[in-house]
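Everything in the sequence shown is counted per this note's numbering, starting at 28 for the first residue and increasing by one. The C-beta atom is built at its ideal place from N, Cα and C for all residues, glycine as well.
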Amino acid sequence: MANYVMALDASTTSVCAIIFDRSGKDVAREAEEITQYYPEPGWVEHDPVEIWNKQVAVMTAVLKSSGIPLDEIAAIGITNQRETSVIWDRATGEPIHRAIVWQDRRTSPICDDLRPGIEDYVAENTGLVVDSYFSASKIKWMLDQVPRARERAARGELAFGTIDSWLIWNLTKGARHVTDISNASRTLVYNIRTMEWDDKLLATFDVPRALLPEVLKSADAFGETSPELLGRPVPIRAAVGDQQGALFGQGCYEQRMTKCSYGTSAAIVMNTGDKLFRPGEGLLGTVTAIVDDKVTYAVEGVVFNCGSAVHWLRNELKLISSHDEARVSTEDTNGVYFVPAFNGVFAPVYDPYARGTIVGLTRGAGREHLIRATLESMAFQVHDFIRAIESVTGLPLDELRVDGGSCKNDFVMQFQADISSLPVLRPHVTESAARGAAYLAGLAAGLWESREELADTFGLEKRFTPGMDREKADKRYSGWLRAVNRSLDWAREQD
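Rendered as structure tokens:
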């Protein structure tokens, strides 16, 4: 009997392959970074072919480094950056354009034009807001801007997909054009009440139905890898958006359970059970990973720039040479606040035209103060959404489960506990999206029997308890809100 599951994690900055055993432990991992393209201000692109080639490379590498025979792999599960959009030629498999990444803001004017007529309908039926963050306006832009793309799409010659669809298409050598509900729900043209592509929204964004993938449950039969890829076919039994995957991997199976993933972005998600909430206070309504016919919902807040703010310190400012240097070496920020609104903000107010802002600078401010302000900004932004979640849902948080690369920074986690007055729980396995994809695939393949069995594998590594004086914490947060206010509406063109 096979005893392992392979998770493929195609994130915003890298692709990796991780093998998990029956205890939920990650026993082998291989990863490669992917190239970020910024052809214009506010534009962000990826090369889909690079993503595919590097995904194959890490799959091959992890099998070799682990020494685990292929027949011991029960199934593959996929998790991915959501919203990022690819359109490719069905006959050749070649993309017609680079992938437009979720962070990309080029289609904000399209959304501004369409928003007044459909805002309420979108909120009620998708849980989202009309924003360039989601796939629909990206699809429209590519069809309108790439020569002959729209007529080819109408003839059924082109295929659209989020990164999961693109990978599955290639893994199966073009045999399957599919996605899962969690990824479809982030396109802005999928109705999470009827669980179908929405004709009204397709017409609004001028997206041909012939372009779209079949939508499956998150744990389902997505096909199998082509025999020549790894040496024999391996079933693909799960696909899930990264945040829904992380919620599942963190064992948040009951209402009110909440996790936050600190990656390139940060996403805080609360399981709301059978209750779908309309967007409000920067929050979005969404679905959880779907295993059976029971649909459960969640609310989600997305911090556009979390780990990417540290990337900025390293790559653009050259203040640090690696993420390991992002440590606190000073007692405070010397009054400095950094709002990393490179692509706008969703909370404490929604403003796609907000931009990055540093306030409170004096001659006494130095490198170490900006580094600390950057780390503190992660916790402040997450706390914005904790307040919003409790306000919108009326459901108080008891604890916050965390994962992602930046959750390994003890200072950030302790500061989060202090600012939010909540216990913060960090598990041994911090790549929860990949773990969630593995769990979903393992459930579908029969490696595990139930969610209850999976919940027992959480594995707490460290618990951070609030320690800061409440008055001091409130004062620090008040300063943050003042700083955010300075960043708003900066990029809007003035008359």
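For residue 64, list the residues DSSP reports as bridge partners. 72
Under 6 Å Cβ to Cβ from residue 38, same chain only, skipping five residues before and after it: list those, please. 108
Output the residue ranges of the beta strand (DSSP E) runs that lie fully inside the region 354 to 402 and measure 3 residues or longer, sorted by chain position. 364 to 366, 384 to 386
Residue 341 - containing alpha helix (DSSP H), residue span: 334 to 342
Candidates 300, 308, 176: which alpha carbon is nearest residue 418's? 308
Check for me: the alpha helix (DSSP H) holding residue 466 runs from which residue to which? 459 to 472
Range covered by the beta strand (DSSP E) that runs through residue 506: Segment 497 to 514 is the alpha helix (DSSP H) holding residue 506; no beta strand (DSSP E) there.
Pull up the CB-CB distance for residue 369 and residue 332, whole angstroms please, since I reckon it's below 8 Å. 5 Å
In whole angstroms, what separates the C-alpha of residue 437 from that of residue 402? 11 Å
Give me whichever residues DSSP pairs with residue 27 in a beta bridge. Residue 27 lies beyond the stretch modelled for the chain, which goes from 28 to 522, so this question has no answer here.
I need the straight-line Cα distance from residue 377 to residue 371, nearest angstrom please. 8 Å
Simplified DSSP state of residue 253, which is helix, strand or coil: coil
Any idea which residues DSSP pairs residue 127 with across the strands? 72, 112
Whose C-beta lies closer than 7 Å to the C-beta of residue 171 among residues of the same chain, with five residues either side of it excluded? 177
Select from 213, 242, 166, 175 the residue whose C-alpha is nearest the C-alpha of residue 235. 166
So residue 96 is in the beta strand (DSSP E); what residue range does that whole segment cover? Looking at the DSSP string, residue 96 is not in any beta strand (DSSP E), and its letter there is neither H nor E.
Residue 364, buried or exposed, once every other Cβ within 10 Å from all chains shown has been counted against 16: buried
Can you find the residues in the same chain that come closer than 6 Å, C-beta to C-beta, to residue 319, ignoring five residues on each side of it along the sequence? none
Just how far apart, CA to CA, sit residue 191 and residue 156? 23 Å
Thinking C-beta only, is residue 462 closer than 8 Å to residue 276? yes
Output the distance between the C-alpha atoms of residue 62 and residue 36, rounded to the nearest integer angstrom. 16 Å
Reduced DSSP category for residue 331 - H, G, I as helix; E, B as strand; rest coil: coil
Here's a check: name, in chain order, each residue in its chain whose Cβ is nearer than 7 Å to the Cβ of residue 77, leaving out the five neighbours to either side. 61, 62
Using DSSP bridges, identify the partner residues of residue 106. 36, 267
Inter-residue Cα distance where the pair is residue 282 and residue 321: 14 Å
Buried or exposed (CB count within 10 angstroms, at least 16 for buried), residue 522: Confidence in residue 522 is poor, its pLDDT being 39 and thus under 50, which makes the residue's placement too unreliable to answer from.
Within 10 angstroms of the Cβ of residue 255, are there 16 or more other Cβ atoms? Answer buried if so, exposed if not. exposed
Let me check you understand the geometry: is the CB of residue 131 closer than 7 Å to at least one non-hydrogen atom of the ligand MN? Of the ligands one can find in the structure shown there are none, so the ligand MN has no counterpart to examine.
Straight-line Cα distance separating residue 323 from residue 225: 20 Å
Nearest-angstrom Cα distance between residue 316 and residue 49? 20 Å
Can you tell me whether DSSP reads residue 517 as helix, strand or coil? coil
Contacting residues, own chain, Cβ-Cβ under 7 Å from residue 200 (five flanking each side not counted): 253
Rounded to a whole number of angstroms, what is the C-alpha to C-alpha distance between residue 517 and residue 380? 6 Å
Would you kindly work out how many angstroms separate the C-alpha atoms of residue 287 and residue 442, rounded to a whole number? 14 Å
Please classify residue 73 as buried or exposed, where buried requires at least 16 neighbouring CB atoms within 10 angstroms. buried
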